[in-house]
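To start, the structure under review is shown below, and the notes come after it.
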Amino acid sequence: MTLQTDTLVRPTVTLQSKADLLKLYSDMLLIRRFEEKSGQLYGMGLIAGFCHLYIGQEAVVVGIQSRQNPQDTVITSYRDHGHMLACGMDAGGIMAELTGRIGGFSKGKGGSMHMFSREKNFFGGHGIVGAQVSLGTGMAFAHKYKKDGGVCITYMGDGAANQGQVAESYNMASLWKLPALYVIENNRYSMGTAVARHTSNGDFYRRGEPYNIPGEKVNGMDVFEVQAAADRAFAHIHGGHGPYILQMETYRYRGHSMSDPAKYRTKEEVDTFRNTNDPILLLTDFLVKNKTATEAELEQIQDQVKEIVKVAADFSQTSPEPDPSELYTDVLIEA
Amino acid sequence: MPIMTVREALRSAMAEEMRQDPKVFVMGEEVAEYQGAYKVTQDLLQEFGPERVVDTPITEHGFAGLGVGAAFLGLKPIVEFMTFNFSMQAIDQIINSAAKTLYMSGGQLGCPIVFRGPNGAASRVGAQHSQCFASWYAHCPGLKVVSPYSAEDAKGLLKSAIRDPNPVVFLENELMYGQSFEVPEGDYVTPLGKGKIVREGTDVTITAFSIMVGKALKAAEQLADQGISAEVIDLRTLRPLDIELIVESVKKTNRLVCTEEGWATCGIGAEIASQIMDHAFDYLDAPIARVSAKDVPLPYAANLERLALPTVDDIITAVKNVTYK
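Listed in order, the protein sequences are those of chains H and Y.
The numbering used here applies: residue 1 is where the first sequence begins, and numbers increase by one.
The numbering used here applies: residue 336 is where the second sequence begins, and numbers increase by one.
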């Protein structure tokens, strides 16, 4: 039932076109630069409240997103900026939501943790740890009910994996053979508590075993391994066999949120990941060594990404705050 | 008009809406094969099949969230709680996910879902199975909260709730399921947000919802024998509350008794009293009185249970207090 990563053959990435490979690079770099800019704006007081950065985990969402179908839906927790960018949501709209402006995806009413785009099939952005898992299971239920061929991809962290409703969701998803992909982003810390201190068994991918859900542990720092695992998961789900669990071994470089100095781990630990296992460096290395792209081509992408983030940051500061009349709108839909 | 029990009225509301909208489905514990723990979903499985009448595991938090997620993608779930006591397990999904997402998404993502089931005390089932959740849910913006009394309203309000694009908490009462009322024939709906004067009077206004409407009507009958004319308002919807109807009545009667089966503290009666102070303070000839459950967990012993729940006599006493008789 379970697959071990060490038994897997490294996927044949040459099957992807140069454009596809450069898009992986561009998407991951956009998340990295966007989040760095978010951190800066937070430091300047332009972003407030809770703000959870995705830096270090980029390969996970970009790898999965590159293998899913247009009708698939995505839902995640509050560490959601990367997922929104990967879904194709406009960087300016996301950044303007972070600054609480009318141009934000939720008109400034949701903030960092609560953003949605029906158009891009992104359903949040949820602030309650684990809540997105039963919501995503319901979205999978709807895909099956409507027979639209869609899969719901539900992301959660290692901390959320211990919530009771995750087990409840696994049970129902397997019982009803729902088209659900559960992606556990194990960034090794549930806020400040290391996995070994919050979880009796860190093999989150095996949590589906009692419910007959197959799972895999994947090197989530390598976008190609993420893609290959996603392909196996989607093949299983599209075959009508029900849900699948992917445990992505990843790492977040920044604190849990902007207010977390991350004193529960050493600088050496963070540096080790940054220097030897960084998802963007790994991909860059591959692209250069295989002569997929020249330094100049990569620099061109870097410039494009820089420009997108600059435009987004400008928009997030020039878009006005919501009109006071917005206070009372969107509470209920007119029946 | 034909006679129908509240149970049959609720069932026919669901069946009619399921016939005309394939997006409507029912889920909950024992709703399908068992035909409903209280038989409210009787025969729905036979007519609509297991894809639309879904037995769930005992997993309230999970299936409430599942229902909300399905509603995000445009389905119209009717989630049955075997009793609302178990909705406390699921309240995070009802409030944080169902009620707040429209606002948090800037109006993009509505949640057309109905959470329904029996609420409040049944008979001799003890503290954990007897709580009234009216004030809990009525507290929260983004929800509509409905609690019908008669079979006619149970059907009309449930049909409105299912058609409503917002999350609706629909509080039934187990002891009412078997009670019979006249029900109009055909496809009718009762608007949400509107109360109803179920007995006209001139001396005092009594507000009630769900099973307390019956007790208020009985009290009004006995008060009439004693020369006191009581007007009884069936609130029907608790959020949004039809405060205009109560204000107009109080302007006429100048006295108000608010009844509910739940606890008084931060309750529906407290809310009505506050709003009447805002809108009709100068019309009041007596302080507003509240009739509610005693401030204790509901006891099991028959005599203690009787003492804990609000009675017809409690309402009569309160009315006499505010009318100084």
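Backbone N, C-alpha and C define an ideal beta-carbon position, used for all residues, glycine too.
* Contacting residues, own chain, Cβ-Cβ under 8 Å from residue 645 of chain Y (five flanking each side not counted) -> What you label residue 645 of chain Y is simply residue 310 of the second sequence in a count that begins at 1. So the qualifying residues of the chain are 547, 550, 594, 595, 596, 626, 627, 628.
* List, in order along the chain, the chain Y residues whose C-beta lies closer than 7 Å to that of residue 116 of chain H? -> Counting from 1 along the first sequence, the entry for residue 116 of chain H is found at position 116. Within chain Y, the residues near residue 116 of chain H are 440, 443, 444.
* Tell me residue 215 of chain H's beta-bridge partners as DSSP assigns them. => Numbered from its first residue, the first sequence carries residue 215 of chain H at position 215. Answer by DSSP bridge pairing, in chain order: H:245.
* In angstroms with no decimal places, state the Cα-to-Cα distance between residue 31 of chain H and residue 59 of chain H. => The sequence position of residue 31 of chain H within the first sequence is 31, counting from 1. The sequence position of residue 59 of chain H within the first sequence is 59, counting from 1. Going by the C-alpha atoms only, they are around 10 Å apart.
* Kindly indicate the opening and closing residues of the alpha helix (DSSP H) around residue 275 of chain H. => Position 275 of the first sequence, counted from the start, is the residue given in the question as residue 275 of chain H. Boundaries of the alpha helix (DSSP H) around residue 275 of chain H: 267 to 276.
* Along the chain, where does the beta strand (DSSP E) that runs through residue 598 of chain Y open and close? -> Position 263 of the second sequence, counted from the start, is the residue given in the question as residue 598 of chain Y. Annotation: the continuous beta strand (DSSP E) that includes residue 598 of chain Y extends over 591 to 598.
* Is there a Cβ from chain H that is less than 8 Å from the Cβ of residue 508 of chain Y? -> Within the second sequence, residue 508 of chain Y is the residue found at index 173, counting from 1. Chain H, which has no Cβ nearer than 8 Å to the Cβ of residue 508 of chain Y, makes this no.
* Local conformation of residue 334 of chain H per DSSP, three classes -> Numbered from 1 along the first sequence, position 334 holds the residue referred to as residue 334 of chain H. Residue 334 of chain H falls in the coil class under three-state DSSP.
* Using a Cβ cut-off of 9 Å, pull out every chain Y residue sitting near residue 106 of chain H, in sequence order please. => Along the first sequence, one-based indexing puts residue 106 of chain H at 106. Simply 438, 439, 440, 441, 442, 443.
* Asked: Is any beta-carbon of chain H found at less than 8 Å from that of residue 409 of chain Y?
  -> Here the question's residue 409 of chain Y lines up with position 74 in the second sequence. Taking Cβ atoms only, chain H reaches closer than 8 Å to residue 409 of chain Y, which makes this a yes.
* **Contacts of residue 474 of chain Y in chain H (Cβ-Cβ under 9 Å)** => For the purposes of this step, residue 474 of chain Y is identified with residue 139 of the second sequence, where counting begins at 1. Scanning chain H for C-beta atoms nearer than 9 Å to the C-beta of residue 474 of chain Y yields nothing, as the closest lies near 14 Å away.
* Asked: How many whole angstroms separate the CB atoms of residue 512 of chain Y and residue 341 of chain Y, which I take to be in contact at a CB cut-off of 8 Å?
  -> Taking the first residue of the second sequence as position 1, residue 512 of chain Y is located at position 177. Taking the first residue of the second sequence as position 1, residue 341 of chain Y is located at position 6. Between residue 341 of chain Y and residue 512 of chain Y the Cβ distance is about 5 Å, and since that is below 8 Å, they are a contact.
* Would you please state the rounded distance, in angstroms, between the beta carbons of residue 156 of chain H and residue 120 of chain H? I believe it to be under 8 Å. => What you label residue 156 of chain H is simply residue 156 of the first sequence in a count that begins at 1. What you label residue 120 of chain H is simply residue 120 of the first sequence in a count that begins at 1. Residue 120 of chain H and residue 156 of chain H do not touch by the CB rule: their CB atoms are close to 20 Å apart, not below 8 Å.
* To do: Would you tell me roughly how many angstroms separate the C-alpha atoms of residue 390 of chain Y and residue 368 of chain Y, rounded to the nearest one?
  => As a working mapping, residue 390 of chain Y is identified with position 55 in the second sequence. As a working mapping, residue 368 of chain Y is identified with position 33 in the second sequence. Computed Cα separation, rounded: 7 Å.
* Using only alpha-carbon positions, find the residue among Y:618, Y:520, Y:435, Y:399 that is nearest to residue 423 of chain Y. => Position 88 of the second sequence, counting from 1, holds the residue named residue 423 of chain Y. It is Y:399 whose Cα lies nearest to the Cα of residue 423 of chain Y.
* Pull up the distance between the alpha-carbon of residue 315 of chain H and that of residue 96 of chain H, whole angstroms please. => Counting from 1 along the first sequence, the entry for residue 315 of chain H is found at position 315. Counting from 1 along the first sequence, the entry for residue 96 of chain H is found at position 96. Residue 315 of chain H and residue 96 of chain H have their C-alpha atoms some 7 Å from each other.
* **Local Cβ density within 10 Å of residue 409 of chain Y, reported as buried at 16 or more and exposed below that** => As a position in the second sequence, residue 409 of chain Y is number 74, starting the count at 1. Result: exposed.
* To do: Quick one: list the residues of chain Y neighbouring residue 109 of chain H, beta-carbon separation under 7 Å, in chain order.
  => Position 109 of the first sequence, counting from 1, holds the residue named residue 109 of chain H. Among the residues of chain Y, those whose CB is under 7 Å from the CB of residue 109 of chain H are 438, 439, 441, following chain order.
* residue 374 of chain Y to residue 387 of chain Y span [Cα, whole Å] -> Within the second sequence, the letter at position 39 stands for residue 374 of chain Y. Within the second sequence, the letter at position 52 stands for residue 387 of chain Y. Going from the Cα of residue 374 of chain Y to the Cα of residue 387 of chain Y covers about 17 Å.
* Asked: What are the boundary residues of the alpha helix (DSSP H) that includes residue 158 of chain H?
  -> For the purposes of this step, residue 158 of chain H is identified with residue 158 of the first sequence, where counting begins at 1. Looking at the DSSP string, residue 158 of chain H is not in any alpha helix (DSSP H), and its letter there is neither H nor E.
* Could you tell me whether any Cβ in chain B is nearer than 8 Å to the Cβ of residue 398 of chain Y? => Looking at the structure shown, chain B is missing, and the protein chains on hand are H and Y.
* CB-CB length for residue 130 of chain H against residue 49 of chain H, believed under 8 Å -> Here residue 130 of chain H corresponds to residue number 130 of the first sequence, with the count starting at 1. Here residue 49 of chain H corresponds to residue number 49 of the first sequence, with the count starting at 1. Not a contact, Cβ separation roughly 20 Å.
* Quick one: is residue 16 of chain H near chain Y, going by C-beta distance under 8 Å? -> Taking the first sequence and counting its residues from 1, one reaches residue 16 of chain H at position 16. Residue contact check for residue 16 of chain H against chain Y: no CB pair falls below 8 Å.
* Spell out a yes or no on whether the segment 244 to 252 of chain H and the segment 23 to 42 of chain H are touching, meaning 3 or more CB-CB pairs, one atom from each, closer than 8 Å. => In this structure the segment 244 to 252 of chain H does not touch the segment 23 to 42 of chain H; the number of beta carbon pairs closer than 8 Å is below three.
* Assigned exposure category for residue 430 of chain Y - 16 Cβ within 10 Å defines buried -> For the purposes of this step, residue 430 of chain Y is taken as the residue at position 95 of the second sequence. With 16 or more other Cβ atoms within 10 Å, it is buried.
* Comparing the C-beta of residue 432 of chain Y with each C-beta of chain H, is any distance below 8 Å? -> Residue 432 of chain Y sits at position 97 when you count from the first residue of the second sequence. Interface flag for residue 432 of chain Y against chain H is set, since a Cβ pair is found closer than 8 Å.
* Classify residue 416 of chain Y as buried or exposed, calling it buried when 16 or more other Cβ atoms lie within 10 Å of its own Cβ. => Here residue 416 of chain Y refers to the residue found at position 81 when the second sequence is read from its first residue. Counting other Cβ atoms within 10 Å of its Cβ, residue 416 of chain Y reaches 16 or more and is therefore classed as buried.
* In chain Y, what lies closer than 9 Å to residue 300 of chain H by C-beta? -> Within the first sequence, numbered from 1, the residue matching residue 300 of chain H stands at position 300. Within 9 Å Cβ-Cβ: nothing; residue 300 of chain H doesn't reach chain Y, min ~35 Å.
* Smallest Cα separation from residue 313 of chain H: which of H:322, H:93, H:123? -> Within the first sequence, residue 313 of chain H is the residue found at index 313, counting from 1. For residue 313 of chain H, the closest alpha carbon among the candidates H:322, H:93, H:123 is that of H:93.
* **Proximity below 8 Å, CB of residue 414 of chain Y to CB of residue 503 of chain Y** => Start at 1 with the first residue of the second sequence, and residue 414 of chain Y comes out as number 79. Start at 1 with the first residue of the second sequence, and residue 503 of chain Y comes out as number 168. The Cβ-Cβ distance between residue 414 of chain Y and residue 503 of chain Y does not fall below 8 Å.
* **Chain-ordered chain Y contacts of residue 171 of chain H [CB-CB under 8 Å]** => Position 171 of the first sequence, counting from 1, holds the residue named residue 171 of chain H. Chain Y residues near residue 171 of chain H: 392, 394, 397.
* Asked: Under 8 Å Cβ-Cβ, which residues of chain Y neighbour residue 330 of chain H?
  -> Your numbering for residue 330 of chain H matches position 330 in the first sequence. The CB of residue 330 of chain H comes closer than 8 Å to the CB of 437, 438, 440, 441, 442 in chain Y, given here in chain order.
* Does the count of Cβ pairs from the segment 519 to 533 of chain Y and the segment 434 to 449 of chain Y closer than 8 Å reach three? -> Flag = no, the segment 519 to 533 of chain Y and the segment 434 to 449 of chain Y do not touch.
* To do: Measuring only between beta-carbons, confirm whether residue 137 of chain H sits less than 8 Å from chain Y.
  => On the first sequence, residue 137 of chain H is found 137 positions in, with the first residue counted as 1. Cβ-Cβ to chain Y under 8 Å: yes for residue 137 of chain H.
* Are the segment 480 to 500 of chain Y and the segment 302 to 312 of chain H touching by the rule of at least three beta carbon pairs closer than 8 Å? -> With contact defined as three or more Cβ pairs closer than 8 Å, the segment 480 to 500 of chain Y and the segment 302 to 312 of chain H are not in contact.
* So which residues on chain H does residue 500 of chain Y lean against when the C-beta distance must stay under 9 Å? -> Translated into the one-based positions of the second sequence, residue 500 of chain Y becomes position 165. Per Cβ cutoff of 9 Å: 332, 333, 334, 335.
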